[in-house]
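The working numbering applies: residue 25 is where the sequence shown begins, and numbers increase by one.
First comes the structure, then the notes that go with it.
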Amino acid sequence: MPRRGENDPAKRRRADAIYRMLERTYPQAKCALQHDNPFELLIATILSAQCTDERVNKTTPTLFERYPDPAALAASTQEDVERIIRSCGFYRNKAKAIRGAAAAIVAEHAANVPPTMDELLTLPGVARKTANVVLGNAFGINVGVVVDTHVARLSHRMGLTSHTDPVKIERDLMALFDPPRWTMLAHLLIGHGRRRCMARKPDCDGCEVRAHCPRIGVGKGG
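What follows is the structure in structure tokens.
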């Protein structure tokens with residue numbers, strides 16, 4: 025368990041121990057959004073904002089059957105896309121975003137999802153988190169760490185960061201873990217956040233990494 029004043033080498037060793045234990049605990053960890061190609065993952069990730077992966081996975085089969093590629097989605101109507109994705113929440117803005125992203129992919133990238141952070145960030149509806157998901161899971165490119173609510177919560181509880189801002193959390197995680205681990209790190213933390221380290225009533229007694237976790241905020245609202 026870390027001590028006050030833990031130095032960087034000690035924190036990196038502890039982070040490595042946490043990673044290795046989570047890797048053994050969740051050997052099948054992967055992206056929960058169902059997809060067959062970068063385009064499908066991009067659209068699914070945009071839809072997943074403030075929505076569960078389960079709900080998105082129930083919605084995208086219908087969406088992709090009707091609009092299987094960027095050209096088809098770019099040519100869609102706002103009303104029809106809204107109808108299909110309504111259950112994902114914020115459906116008007118999301119429909120506008122995914123149609124806009126598809127149109128930009130067709131017009132500016134020869135109908136192929138671009139494989140770089142800078143290019144992805146120019147697409148409507150795409151911020152760094154979405155770009156990291158696509159790059160890491162569709163292209164196998166580790167540019168950064170996906171920081172969602174689970175990753176943010178666990179990173180804080182485990183003493184891997186003292187920040188609450190996703191950009192700063194990502195920066196701290198990138199400093200602690202080597203680049204080849206960045207994409208899988210998010211999957212492992214998300215899996216652990218769903219199974220053990222829940223927002224309310226985390227299962228600290230049954231936690232596989234309890235020997236390496238300071239449990240910051242647990243029992244004090246977070």
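In this text, a Cβ means the ideal position worked out from N, Cα and C, and glycines have one as well.
Computed from a prediction, not measured in an experiment: that's the story for all the values here.
Return the chain-ordered list of same chain residues with a C-beta closer than 6 Å to the C-beta of residue i, the five sequence neighbours on each side being excluded.
i, result
"N81", "Q58"
"V175", "A210, L213"
"L178", "L213, G217, C221"
"M45", "E232, V233"
"P148", "A121, G124, A125"
Do residue i and residue j have their CB atoms nearer than 8 Å?
i, j, result
"V157", "I193", "no"
"G131", "I70", "Going by the sequence as given, residue 131 is Ala instead of Gly. No, Cβ-Cβ distance for A131 and I70 is not below 8 Å."
"L125", "Q102", "In the sequence as presented, Leu is not what sits at residue 125; that position holds Ala. For A125 and Q102, no; Cβs fall outside 8 Å."
"A135", "D93", "yes"
"R152", "G168", "yes"
"R79", "L97", "no"
"C112", "T154", "no"
"I42", "M141", "no"
"H180", "G241", "yes"
"A53", "G215", "yes"
"L200", "R36", "yes"
"L159", "P190", "no"
Exposed or buried, residue i, counting other C-beta atoms within 10 Å across all chains shown (16 or more means buried)?
i, result
"G246", "Only weak support exists for where G246 lies, its pLDDT of 47 falling under 50; the value from the coordinates is given anyway. When all chains shown are included, G246 counts as exposed."
"G217", "buried"
"L145", "exposed"
"E64", "buried"
"H236", "buried"
"M208", "buried"
Classify residue i as helix, strand or coil using the three-state DSSP reduction.
i, result
"F88", "helix"
"P26", "Unreliable positioning characterises P26 in this predicted model, as indicated by a pLDDT of 49, which lies under 50. The coordinate reading is nonetheless provided below. P26: coil per DSSP, three-state reduction."
"K35", "helix"
"V171", "coil"
"C112", "helix"
"D11", "Residue 11 falls outside the range modelled here, since the chain spans only 25 to 246, and no answer is possible."
"V233", "coil"
"L213", "helix"
Spatial neighbours of residue i within its chain, please: CB distance less than 8 Å, with the 5 preceding and 5 following residues excluded, ordered by chain position.
i, result
"D77", "A56, L57"
Please decide whether residue i counts as near chain C, where near means a Cβ-Cβ distance under 8 Å.
i, result
"S111", "Among the chains in the structure shown there is no chain C, since it carries only a single protein chain."
Cutting at 7 Å between CB atoms, please list the residues of its own chain near residue i, excluding the five before and the five after it.
i, result
"C228", "R234, R239, V242"
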